[in-house]
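J.: In my numbering, each number is its position in the sequence shown, counted from 1, plus 162. For every residue, glycine included, the Cβ atom is placed at its ideal position computed from N, Cα and C.
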Amino acid sequence: MQIAFPFAVILLAAVSVARAEEPKNAEKAPPWMKERSDRLEKELSTKYGAEAGARLARGLKQVAGFWRAEDGDADVFDDFVRTNFAGEPTTLDALFSRMEFAFESFDGHMLEIGRDFRKQSDLDLGPIYPFDQTLAGYDPSAHVTDDFYDNKLAFTVLLNFPLTTLQQRLGEGDKWSRRQWAETRLAERFSKRIPAAVNLSIAKAAAAAEQYISEYNIWMHHLVDEKGVRLFPPKLRLLSHWNLRDEIKADYGDAKTGLAKQRTIQKVMERIVTQTIPAAVANNPQVDWNPFSNEVRPAAVKDSDSPAPSGRGSGPEPDTRYEKLLITFRASRLADPYSPTAPTMIARRFDENRQIPEPRVRKMLEDVLSSPLAPRVAALIEKRLGRKLEPFDIWYSGFKPRGAYTETQLDEIVRKRYPTAEAYKKDIPNLLVQLGFSKEKAEFLANNVVVDPARGSGHAMGAARRGDQSHLRTRVEKDGMNYKGFNIAVHEMGHNVEQTFSLNEVDHTLLAGVPNTAFTEALAFVFQARDLELLGLSKPDPQSRALETLNDFWGTFEIAGVALVDMGVWHWMYDHPDATPAQLKEATLQIARDTWNRFYAPIFGKRDVTLLAVYSHMINSFLYLPDYPLGLMIAFQIKRQMEKSGSIGPDFERMAKVGNVAPDIWMKNATGSPVGPDALLSETEKALAQVSK
Ligand SMILES: [Zn+2]
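1) What separation, rounded to the nearest whole angstrom, lies between the Cα atoms of W338 and N678?
2) What is the rounded straight-line gap between the Cα of S533 and the Cα of V688?
3) With a cut-off of 8 Å on the beta carbons, I'd call V539 and W716 a contact; round off their distance for me.
4) Could you say which of Y558, K486, L222 and V530 lies nearest to F317 if we only look at CA atoms?
5) Run through DSSP, which three-state label would L496 get?
6) When burial is assigned at 16 or more other CB atoms within 10 Å of the CB, is F247 buried or exposed?
7) Relative to the C-alpha of A604, which residue among S783, V612, V613 and L594 is closest?
8) May I ask whether a heavy atom of ligand 1 can be found less than 7 Å away from the beta carbon of H657?
9) When you compare the CB positions of E479 and I439, do they come within less than 8 Å of one another, or not?
10) Just the Cα atoms here: how many angstroms apart are P185 and A349?
11) Which residue's Cα is closest to the Cα of L285: E232, A583 and I765?
12) Going by the DSSP bridge assignment, what does N452 pair with across the sheet?
13) Just list the alpha helix (DSSP H) runs in the stretch 224–297, keeping only unbroken ones of 4 residues or longer that don't cross its boundaries, in chain order.
14) With hydrogens ignored, establish whether the beta-carbon of A686 is closer than 7 Å to any heavy atom of ligand 1.
15) Where E334 and F323 are concerned, what is the direct C-alpha to C-alpha distance, given to the nearest angstrom?
16) Excluding five sequence neighbours on each side, which residues of the same chain lie with their C-beta closer than 6 Å to the C-beta of R769?
17) Which of the three DSSP states, helix, strand or coil, is assigned to W338?
18) At a cut-off of 7 Å, would you count H653 as near ligand 1, judging by its Cβ distance to the nearest heavy atom?
19) So, are the CB atoms of V856 and F814 less than 8 Å apart?
20) Do you know how far the Cα of M526 is from the Cα of G808?
21) What would DSSP say about A442, mapped onto helix, strand or coil?
22) Which residues mark the beginning and the end of the beta strand (DSSP E) in which R399 is found?
23) Taking the alpha carbon of V837 as the reference point, which residue from I356, A191, K204 and G793 has its own alpha carbon closest?
24) Per DSSP, N313 is paired with what?
25) Grouping DSSP H, G and I as helix and E and B as strand, with all else coil, what is P615?
26) Return the first residue and the last residue of the beta strand (DSSP E) that I380 is part of.
27) Let me know if E683 comes out buried or exposed under the rule of 16 or more other beta-carbons within 10 Å of its beta-carbon.
28) Buried or exposed for Q224, going by 16 or more other Cβ atoms inside 10 Å?
29) Check whether the Cβ of E710 lies closer than 7 Å to any heavy atom of ligand 1, and answer yes or no.
30) Enumerate in chain order the residues of its own chain whose CB-to-CB distance from P791 is below 8 Å, with the five nearest sequence positions on each side excluded.
31) Check the C-beta distance from S353 over to I380 and give it rounded, since I have them as a contact under 8 Å.
32) Out of A264, H271 and T296, which has the shortest C-alpha to C-alpha gap to A315?
33) Whole angstroms are fine: how far does the CA of V668 sit from the CA of F242?
34) Considering only the beta carbon of each residue, do Q799 and M829 sit closer than 8 Å?
35) When the Cα atoms are used, what is the spatial distance from P739 to R492?
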């Protein structure tokens, strides 16, 4: 995990918006705009020449797209353009470098303020008081877009630098100079002018969906079969869907009742997706429920004092799951008119966040799902399980190799080596040299990393201006660091190294960073996978590495289908903006079944399964799910490149300092190929051969 920028912590507000307001059209450009723009174009083209004129025509159009009545009348506009258009190349260069310098400072200091305001709540430094929470919830940069439109800095950028679409960046980007890429990123900062009220609606919708998801627990001891048998221990409370899915994975290790437990959880998941789950059941230890017959009774045993939630009807849950999803959709849509280069939530996710067009992502997912490797891996799973596959086996976890050392042995080794966070900090240069960085590079990197005691499991927080350092937050128990803590610390250190190179060695700070989070995660995994070697222990043998690959393939095969359902549902909502929750439910079930029937039914021998729609992210994360399979594919490409070159250090540096260009350009530079599933598929092929040796 990494935290790139201070998050505005969305305070949980109990919002019940049955139907958010309909999006209205963004304010149109004032009526005088066209005539004044034409006149200015003629006037300034004559003054500065044809090349500047073409630049101006583009700039005038961009400014017109965002100018509102309150920004000023026709004379203010004329004056603004005449004053701020950089007609001469020297002025344009000066403007560019001033902006690059100023925004590095601005971003960097905003990040530092946010980091300091969150210090007490992020770090293991004693109690968190209410004022600490207030500090942590503050986002100093919340109003900057408004400020920069108010003082017209945003318009100055839009008047002089190009706003581009993803299609342009992909079509022309590999011929662009680094400066052109940096100009594009500069203009992108102002590609939206979303009113504060719209942002507030989106935050409220996100909070409402988040709250619904975070309270959706199933009390497992209260699941009963027709004979009243309870499979799960008292007090066990599992959050849908993550904990339920992880329980399915853990149950592969339970030879006695594992299968019965897995079948029960599958039934629970289906009841949630179809909303046939009785309204009384969620988060309620005061009732017993048979998910097969759907019968609910007062609890016959007591394992918790938690009261029954109030206000639940006696029938099924009234499609609340889909109502929450609709709320997030309708709120997202309010931003559409203010985001001309990516005018839907779907476009913002693919064109802006992922920077890979949706059709290409779809093709990559389908390539994995329809790969002839899938039935071969499935057959291997059946052989290992000694039975036919059942639908919940999309979460099969039995490929996870068993290491040569027990967790206790590893804890012992790590504890001795790192009794304190300070001891780990001291060892960073040595660890980096082991990873193939030169002594000088290792010192440089170590000097750019601060080690902090994390309150949670750990994270990495990069810097945003040169001169600041990135922070590695790691958990050290009282008696020293344990193996899990070390494993995470090595992962986070990978983020810190990427963050340090991609800020300090990139040629333009406007290009600092990586194309999207999948890239920094992939680089962090490269470090994490070497953790045993860093402890001086033997590295995983070919057999366990092959099993690891099969585990990754099966995970991608599962989540690729889930991602396709998420995408299908968002398209359906855009096509049916006035749908009721019940209609959205029917559509979601249909999309989930169709996806299952197309890619999974031939392998599992069962049709019309709805499990692919159970992910909670689908309800509260605004089309986030495709990031998972993409991340797995990207990780594989980078991993394979690192293996080819042998030593990590120089390759890691070469990749990280390219910065935030389009993903395909980044990946071609890193590995020679654009982003895609080929590396994953060819490694899976090899792994199958290795395992069946
Ligand atoms: Zn990470």
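T.: The answer reads as follows:
1) Distance between the alpha carbons of W338 and N678: 20 Å.
2) So the alpha carbons of these two residues sit roughly 26 Å apart.
3) For a cut-off of 8 Å, the C-beta gap from V539 to W716 is around 6 Å, short enough to register as a contact.
4) Residue L222 holds the alpha-carbon nearest to the alpha-carbon of F317 among Y558, K486, L222 and V530.
5) Here L496 carries a helix assignment [DSSP, helix/strand/coil].
6) In summary, F247 is buried, with 16 or more beta-carbon neighbours lying within 10 Å of its beta-carbon over all protein chains present.
7) Nearest C-alpha to A604: L594.
8) H657 has its Cβ nearer than 7 Å to a heavy atom of ligand 1.
9) Result yes, Cβ atoms of E479 and I439 sit closer than 8 Å.
10) Residue confidence is low: P185 scores 35 on pLDDT, short of 50, so the model does not pin down where it sits. Its coordinate-derived value is still stated next. Looking at the two C-alpha atoms, the distance is approximately 26 Å.
11) It is A583.
12) Residue pairing by DSSP places N452 opposite E457 in a beta bridge.
13) Here the runs fully enclosed are 236–246, 251–279 and 281–284.
14) The answer is yes for A686.
15) Going by C-alpha positions, E334 is about 16 Å away from F323.
16) Counting only Cβ-Cβ distances below 6 Å, and skipping sequence neighbours, we find N759 and A763.
17) W338 falls in the coil class under three-state DSSP.
18) For ligand 1, at least one heavy atom lies less than 7 Å from the Cβ of H653.
19) Any answer about residue 856 is impossible in this case: the structure gives the chain only from 163 up to 855.
20) Roughly 28 Å separates the two Cα atoms.
21) DSSP, read as helix, strand or coil, puts A442 in coil.
22) Counting along the chain, the beta strand (DSSP E) containing R399 begins and ends at R399 to L401.
23) Relative to V837, the option among I356, A191, K204 and G793 whose CA is nearest is G793.
24) Answer is none; N313 lacks a bridge partner.
25) It is a strand residue.
26) Annotation: the continuous beta strand (DSSP E) that includes I380 extends over N379 to W381.
27) Per the 10 Å Cβ criterion, buried.
28) Answer is buried; the Cβ neighbour count reaches 16.
29) E710: no, Cβ never under 7 Å from ligand 1.
30) The answer, listed in chain order, is M526, L527, V530, T718, I721, A722 and A725.
31) The beta carbons of S353 and I380 sit about 43 Å from each other, so the pair does not count as a contact at 8 Å.
32) Note that residue 315 is Leu in the sequence shown here, rather than Ala. Among A264, H271 and T296, the Cα nearest to that of L315 belongs to A264.
33) V668 has its alpha-carbon roughly 33 Å from the corresponding atom of F242.
34) In contact: Q799 and M829 (Cβ atoms closer than 8 Å).
35) Looking at the two C-alpha atoms, the distance is approximately 8 Å.
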